[in-house]
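S.K.:
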Amino acid sequence: MVLVLLLLAGSLFADAAEDETKEREKARKAAQKAYRERLKRPINGFIFEPDSLGARPDSLAMVKFTKGVHFADSLKRGDMDSIVATLSAVNHGKKVSYNYRDPYDPYKNPTYYRRGQGKFWYFGLGMCLLLVFMYYRAAFPKQFELRIRGVLNPYYYNELMNDRTITQFGGGSGVVFVITQAVFAAGILLNLIFGGYLQLNSFFVFVFLYLAVLGAVMLQQTIQFLFANSVNIEELVRRQTQRQYNVNFLLSLIYFPLFLVFYYNGYKYQGVNLSHWISFLLVLWVVIRSIYAFVGLFQDRQLTFLAFLYFCTLEILPYSVLFAILSRS
């Protein structure tokens with residue numbers, strides 16, 4: 000009887016061992032099959048799980064992973080997510096206070112001094128612009144009055160244009176040009192900051208952007224000057240340039256206080272997309288100036304084919320390209 004029981008126990012144990020062996024073999028074959036499936040999806044010699052290929056890869060990580068961009072079309076996939084994440088990261092600073100919130104914290108977690116996103120340099124920029132404005136108001140009092148009044152009254156505008164000392168970049172025109180382009184560049188940077196690129200909130204970034212805007216506008220006006228000389232419409236371009244300076248000057252005096260309010264009080268508008276509002280204000284600036292310049296063609300009785308061609312290609316088109324770039328960013 001004992002022998003029979005031992006034989007039955009041995010057979011049951013053998014069957015269990017055989018079943019376990021079959022399960023292991025089945026699992027091994029399944030793993031091999033899955034591995035062969037993954038081998039069909041290698042990237043630069045590396046094997047990815049199929050699920051990881053379903054998500055859109057980070058473009059910068061992909062460039063590093065593939066050791067270079069092999070096709071120009073690959074730049075269209077992704078928006079440089081790693082760089083965007085770096086620019087939009089909040090900078091908490093690196094200085095440790097060593098004043099722990101909980102003195103009995105066993106881990107002694109340090110507390111960092113947080114750096115606010117609203118920095119002093121933007122207010123300092125406002126003070127610099129105020130000083131330049133006061134200098135212009137004191138050095139060119141008559142020109143200042145004529146520019147402000149000439150925006151709405153053609154008589155004062157004609158008085159301004161009769162002064163032959165008014166040139167494109169000389170004298171008071173240069174000061175007005177510096178002020179207006181600084182405010183416009185500050186608006187572009189403010190749009191980027193509210194768009195999430197917090198690491199761009201730096202005075203040196205503003206200086207670089209300001210110089211880029213100055214260079215672009217001066218290049219645009221140089222092309223306008225060459226075009227005017229080639230088709231003999233120098234007086235038209237001269238009047239249009241000063242008309243733009245006048246409306247830009249007036250709008251800059253209105254816009255920059257708004258930019259200061261938005262910059263230092265943006266945290267109060269949590270449900271408002273301030274980046275879109277700043278973009279709207281910049282577009283509105285160019286639209287108002289363009290309408291004012293187009294009406295000026297009627298006032299000067301210069302609405303000819305050459306004048307219309309100049310207005311569309313050398314005044315409207317460059318800013319259309321700028322706002323297209325801002326909208327895509």
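Count the sequence shown with numbering that gives the first Met the number 0 and you get residues 0 to 328, in order. Positions of the beta carbon are idealized from the N, C-alpha and C atoms, including for glycine. All figures in this text were calculated on a predicted structure; none of them were measured in a lab.
Between which two residues does the alpha helix (DSSP H) holding Y291 run?
M.R.: From DSSP, the alpha helix (DSSP H) with Y291 extends over 273-298.
S.K.: Just confirm the distance between the C-beta atoms of L302 and L308, as a whole number of angstroms; I'd bet it's less than 8 Å.
M.R.: Actually they are not in contact, since the Cβ atoms of L302 and L308 sit about 11 Å apart, beyond 8 Å.
S.K.: Can you tell me where the alpha helix (DSSP H) holding K141 begins and where it ends?
M.R.: That run of the alpha helix (DSSP H) goes 140-149.
S.K.: For F203, count neighbouring C-beta atoms within 10 Å of its own C-beta (all shown protein chains included) and say buried if the count is 16 or more, exposed if not.
M.R.: Exposed.
S.K.: Decide if the stretch 248-256 is in contact with the stretch 189-203; the criterion is three or more beta carbon pairs, one per stretch, under 8 Å apart.
M.R.: No: fewer than three Cβ pairs fall under 8 Å.
S.K.: Can you tell which of K32, R237, G117 has its C-alpha closest to the C-alpha of Y263?
M.R.: Here the closest residue by C-alpha is G117.
S.K.: By a C-beta neighbour count over all protein chains shown, 10 Å radius and 16 as the cutoff for buried, is Y244 buried or exposed?
M.R.: With 16 or more Cβ atoms within 10 Å of its Cβ, Y244 is classed as buried.
S.K.: Count the CB pairs spanning the stretch 270-285 and the stretch 231-244 that are closer than 8 Å, and state whether there are at least three.
M.R.: Not touching, per the Cβ criterion.
S.K.: Output the residue ranges of the beta strand (DSSP E) runs that lie fully inside the stretch 215-258 and measure 3 residues or longer, sorted by chain position.
M.R.: Entirely contained in the stretch 215-258, not one beta strand (DSSP E) run reaches 3 residues.
S.K.: Counting only the same chain and skipping the five closest in sequence on each side, list residues whose C-beta sits under 6 Å from that of I192.
M.R.: The residues are N200.
S.K.: Does the beta-carbon distance from A215 to L124 come in below 8 Å?
M.R.: For A215 and L124, no; Cβs fall outside 8 Å.
S.K.: Let me confirm a value: E314 is counted as buried when at least 16 other C-beta atoms fall within 10 Å, else exposed. Which label applies?
M.R.: Label assigned to E314: buried.
S.K.: Going by other Cβ atoms of all chains shown within 10 Å of its Cβ, with 16 needed for buried, is S319 buried or exposed?
M.R.: Classification of S319: exposed, given that the 10 Å Cβ count is below 16.
S.K.: Could you tell me the distance, in whole angstroms, from the CA atom of F293 to the CA atom of G173?
M.R.: If I take the Cα positions, the gap works out to 23 Å.
S.K.: What residue range is occupied by the uninterrupted alpha helix (DSSP H) comprising Q180?
M.R.: 171-193 is the extent of the alpha helix (DSSP H) around Q180.
S.K.: Mapping DSSP to helix, strand and coil, what is N200?
M.R.: Residue state, collapsed to three classes: coil.
S.K.: Determine the burial state of L316: buried for a count of at least 16 other Cβ atoms within 10 Å of its Cβ, exposed for fewer.
M.R.: Exposed: under 16 other Cβ atoms inside 10 Å.
S.K.: How close, in whole Å, do the beta carbons of F261 and L145 come, if the pair is a contact with beta carbons under 8 Å?
M.R.: Actually they are not in contact, since the Cβ atoms of F261 and L145 sit about 31 Å apart, beyond 8 Å.
S.K.: For V175 and Y135, which I take to be in contact (beta-carbon distance under 8 Å), what is that distance rounded to the nearest angstrom?
M.R.: Contact holds; Cβ gap of about 7 Å.
S.K.: Taking just the CA atoms, how far does A211 sit from E158?
M.R.: Each residue's Cα considered, the two are about 33 Å apart.
S.K.: What are the boundary residues of the alpha helix (DSSP H) that includes N161?
M.R.: Start and end: 153-161.
S.K.: Mark S274 as exposed unless 16 or more other C-beta atoms lie within 10 angstroms of its C-beta, in which case mark it buried.
M.R.: That one is buried.
S.K.: Are the CB atoms of I165 and Q241 within a distance shorter than 8 Å?
M.R.: Yes. Within cutoff.
S.K.: State the DSSP-derived secondary structure class of G270, mapped to helix, strand or coil.
M.R.: Three-state DSSP puts G270 in coil, outside helix and strand.
S.K.: Can you tell which of T179, D18, A29 has its C-alpha closest to the C-alpha of L129?
M.R.: The option with the nearest alpha carbon to L129 is T179.
S.K.: Of all the options G270, R163, L305, which has the alpha carbon lying nearest to the alpha carbon of Q223?
M.R.: With distances taken between Cα atoms, Q223 lies closest to L305.
S.K.: Within the continuous alpha helix (DSSP H) that includes L308, where are the two ends?
M.R.: Taken as a continuous stretch (DSSP letters only), the alpha helix (DSSP H) holding L308 covers 304-310.
S.K.: Can you confirm whether Y266, when its beta carbon is compared against all beta carbons of chain B, has any partner nearer than 8 Å?
M.R.: Although the question refers to chain B, the structure presented lacks it and comprises just one protein chain.
S.K.: Per DSSP, what kind of secondary structure is K118 in: helix, strand or coil?
M.R.: Reduced to three states, the DSSP call for K118 is coil.
S.K.: When you compare only the Cα positions, how much space is there between T312 and L218?
M.R.: Cα-Cα distance, rounded: 14 Å.
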